[in-house]
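Enquirer:
Numbering (the numbering used here), first residue to last: 99 to 216.
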């Protein structure tokens, strides 16, 4: 998804019209139309306001999506005295600035390693 699509898709997702978005970031409605059609690119200052209002990162506004969605192998340790290291598969879902991490069903945490007695 490029910048024009990122603006349009996220504007619609938030229920904003082009006129509402334009008013919120201080530009003319025609300018939002130009951004969404790909006729012109926003300046850095306007891009920052767009990203903030659309609740996305500058990277997402520029058309880049962090490849975080999907299944990942994770490692973590608890704060108990044994300081064991656990491993396991998790599912990551990213939406804007929010990252959700869920353990995969049917796959519990892996074996603990490196506890106090190791």
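By construction, the Cβ of each residue, glycine as well, lies at the ideal position given by its N, Cα and C atoms.
Between which two residues does the alpha helix (DSSP H) harbouring residue 145 extend?
Expert: Here the alpha helix (DSSP H) through residue 145 covers 142-152.
Enquirer: If you compare alpha carbons, which of 159, 155, 200 is closest to residue 106?
Expert: Cα-wise, what sits closest to residue 106 is 159.
Enquirer: Can you tell me where the beta strand (DSSP E) holding residue 107 begins and where it ends?
Expert: No beta strand (DSSP E) holds residue 107; the alpha helix (DSSP H) holding it covers 101-111.
Enquirer: Compute the Euclidean distance between the alpha carbons of residue 114 and residue 190, then round it to the nearest angstrom.
Expert: Taking the straight line from one Cα to the other gives about 28 Å.
Enquirer: Give the range of the alpha helix (DSSP H) segment to which residue 117 is assigned.
Expert: Its alpha helix (DSSP H) spans residues 116-123.
Enquirer: Output the distance between the C-alpha atoms of residue 173 and residue 167, rounded to the nearest integer angstrom.
Expert: Whole-angstrom Cα-Cα distance: 17 Å.
Enquirer: Let me check one thing: in DSSP terms, what residues is residue 201 bridge-paired to?
Expert: Per DSSP, 188.
Enquirer: Please return the same chain residues whose Cβ sits closer than 8 Å to the Cβ of residue 176, not counting the five positions on each side in sequence.
Expert: Result list for residue 176: 182, 184, in chain order.
Enquirer: Rounded to whole angstroms, what is the Cα-Cα separation between residue 136 and residue 201?
Expert: Those two C-alpha atoms are separated by around 40 Å.
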